[in-house]
Amino acid sequence: MSTIFRTGHPWPKSWSIFYWANWMAWAPISALFLGKISRGYTVRQFMLINLVAPALFSITYVSVFASSTIQFDMQSGGALYQLLNESGAGSVIYALFDELPMSTLVSAVFLIIAFLSFVTAADSNTEAISQLCSTDSQAAMAGDSDENTHDRLLMKIIWGCTIGAVAWIMTAFVGIDGIKMLSNLGGVPALFIVIAATASLLRLVSIGTAKIGLEHTPSRSYSPEAHLRWESTRKTAESSR
């Protein structure tokens, strides 16, 4: 998240709209991908790996880079702030790296990590979209059939090329503002999908809770004689099949 508070910049007024719409646009597809890779794991394991660990990494990353940037900017008399106004936020990170030991190596590692981050995000999204386009969603989630795997790979390539082409066209002809426009547009329908999914989850939880309560609540009319009659009826029904 860019923290731009210079005079006259519209970010403080628009950041909540843009970033919330961006998160909403990512939520349904990311949920499908995380649901697939979490099969076979407990809820605790899912929370630790997919929520707690990334949150701790993000806190550490932002704390280290933000504090380092503030420190170097204070020592240089506002040089990084001036560079931010002249060249944008993208130039500040490399100016910060120039102040660190082994700046060339650090910049190269940063570019590799950024590239892997974008590739991972694109791969997870195209994987989830290819599952939605599969004729058998359950088989696609399980990945049991070679035919389903081949079909999903083909759909993944098609969607990957399509998303890449749209991103290139918007960036080349409209700029980064075009990408923001697409994020805002995608976040509006995704918002209703998230609301519907939340309502469905609450309903599933309530149904499951009610079933558990019925299973563990003893019957008020229970008696040993009634239980014996029920067992006799059940055995008779099974033997007559």
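With the first letter of the sequence shown counted as 1, position 51 gets the number 63 in my numbering; the numbers rise by one all the way through.
C-beta atoms are modelled at their ideal positions from N, C-alpha and C, and glycine is treated no differently.
- In this structure the segment 129-144 lies against the segment 166-173, because at least three pairs of beta carbons, one per stretch, are closer than 8 Å.
- A contact between stretches requires three or more CB pairs, one per stretch, nearer than 8 Å, and the segment 32-49 meets this requirement with the segment 121-137.
- The beta-carbon separation of leucine 95 and alanine 107, rounded to 6 Å, stays under the 8 Å limit for a contact.
- Secondary structure note for glutamate 139: its alpha helix (DSSP H) is the uninterrupted segment 115-144.
- Between leucine 197 and methionine 36, the CB-CB gap reaches or exceeds 7 Å.
- Here the C-alpha atom of threonine 81 lies approximately 47 Å from the C-alpha atom of leucine 216.
- Under the DSSP assignment, valine 104 falls in the alpha helix (DSSP H) whose first and last residues are 101-110.
- Taking 8 Å as the upper bound for CB-CB distance, valine 104 and leucine 92 are in contact here, some 5 Å apart.
- In terms of Cβ geometry, serine 50 and phenylalanine 58 form a close pair [threshold 7 Å].
- One Cα belongs to methionine 114, the other to isoleucine 124, and the distance between them is close to 16 Å.
- Judged by DSSP in its simplified three-state form, glycine 90 adopts coil rather than helix or strand.
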